[in-house]
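Quick notes on the structure that follows.
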Amino acid sequence: MCLFGNAQPISDVDMSDSESTLEVFSRRFARWLFSAGCDVSLIDDFVRMRRYRERASEFELLAENEPLSEVRLRYRIIAHHYRELADRDERNDKAKMVERLEMFKLARKEAAE
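Residue numbers (the numbering used here): 715 to 827.
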């Protein structure tokens, strides 16, 4: 159960050169949710899907700028695999949400009885 009243304040964290602002925010937010008793894996799943889609875009861009057709094809195949990973994670996330909603409905029904 996620109780936001129990959450600790989000503290400042030094940002390294390799981390984007979104990654720092995601890490801070995940810590905050964890301190509140929430499921941090939801944030991790979202970040992973976003990274897969970013990688797919990067390889598509590489393919567009590649003069050799064989290398261009390989870049597009890699991009396709990253998109498939993101789509798979999205489907799994939706399935988890359906399960959670069913659990909440069942718990509400049991509490009402």
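Note that beta-carbon positions come from the ideal geometry of N, C-alpha and C, so glycine has one too.
Between R786 and A777, the CB-CB gap stays under 8 angstroms. The beta strand (DSSP E) runs lying completely inside the segment 755-791 and spanning 3 residues or more number zero. In the structure shown, E827 adopts coil according to DSSP, grouped into three states. Scanning I757, R769, A826, L820 for the CA closest to the CA of Y789 turns up R769.
Under the 10 Å beta carbon count, A809 is surrounded by fewer than 16 other beta carbons and is classified as exposed.
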